[in-house]
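Contents: one structure, followed by commentary.
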Amino acid sequence: MTTDAPPEVEPNDLPPEEQPMGPIRLARRVFVAFILTFAIARSMALLMAVGFMHDFYFRFGQTHVHHLNYGIFILSGVGAYLIFLRPDSRGIARAAVLYGVGLALTFDEFGMWLHLDDVYWQRASFDAMVLIAAILGLIIAAPTARRFRLRHWVWTFAVTVAIVFFGMLLMQPFQRIHQRLVPFLRSGVRVPAAGSSFPDSTRGLPDQPPAGPSQRINR
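Residue 1 is where the sequence shown starts when you use full-length UniProt numbering, and the numbers rise one by one after that.
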């Protein structure tokens, strides 16, 4: 007596979270690389700005090459790699990590290329990074479209409206970080704890931040 073998299931027929390298697993790789790169880039820029770390930014002559350029080249390379070489699942997994790195390096200086201003510490950059991280998190946590119910569509609509509204707010210049944090970094005074008042010694200091992250703040 012979038994029929169970039908083979194609990987693309499985839910994304069960596929060998489906969209959700790729989104997780992008998310982790994105968050780590952003945290490292911001931490190093701050340490170099206050003089606790040696300034090793790359310069071409007298021009400081911002790391958004590295991100643009990485994103361009990842796109060319995926289009022209058509990699297997391992190659796509590696490309996802590089894509997260390039995305973070580029949007870490979102405020700089949005306003065409050589100012690194812009609120718009922080907001853009939070927005992208939230979108990646939603991709990871959301069910597949085939499993969507009415409540899922309602929440998707609400989140979409919130994201669009938040994106419109990004276009408004926001200088509060410059006015409160940078004077303390320039004067060498430690930022006071929450609820404490600012010392009078910081009055009269310029509100504008350094010309770029590579310019150290005099301590």
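Cβ atoms here follow ideal geometry from the backbone N, Cα and C, with glycine treated the same way.
DSSP three-state assignment for residue i, whether helix, strand or coil
i, result
"residue 64", "strand"
"residue 25", "helix"
"residue 86", "coil"
"residue 94", "helix"
"residue 149", "coil"
"residue 81", "helix"
"residue 157", "helix"
"residue 48", "helix"
"residue 112", "helix"
"residue 175", "Low local confidence applies: a pLDDT of 48 at residue 175 is under 50, so the model's placement there is unreliable, with the coordinate-based value given in what follows. Residue 175 falls in the coil class under three-state DSSP."
"residue 195", "Only weak support exists for where residue 195 lies, its pLDDT of 47 falling under 50; the value from the coordinates is given anyway. Coil, per DSSP."
Residue nearest to residue i in terms of C-alpha spacing, selected from the options
i, options, result
"residue 106", "24, 21, 42, 48", "42"
"residue 79", "133, 103, 63, 66", "103"
"residue 60", "69, 135, 113", "69"
"residue 24", "150, 135, 153, 161", "135"
"residue 89", "154, 161, 26, 153", "26"
"residue 109", "39, 21, 151", "39"
"residue 44", "63, 62, 22, 67", "67"
"residue 112", "22, 65, 85", "65"
Cβ-based burial, residue i [other Cβ within 10 Å; buried from 16]
i, result
"residue 37", "buried"
"residue 54", "exposed"
"residue 31", "buried"
"residue 158", "exposed"
"residue 101", "buried"
"residue 49", "buried"
"residue 73", "exposed"
"residue 34", "buried"
"residue 193", "Unreliable placement is indicated for residue 193, whose pLDDT of 45 sits below 50; the coordinate value is still reported in the next sentence. So residue 193 ends up on the exposed side."
"residue 83", "exposed"
Counterpart residues of residue i in DSSP-defined beta bridges
i, result
"residue 59", "64"
C-beta atoms of residue i and residue j nearer than 8 Å
i, j, result
"residue 87", "residue 96", "no"
"residue 29", "residue 93", "yes"
"residue 75", "residue 99", "yes"
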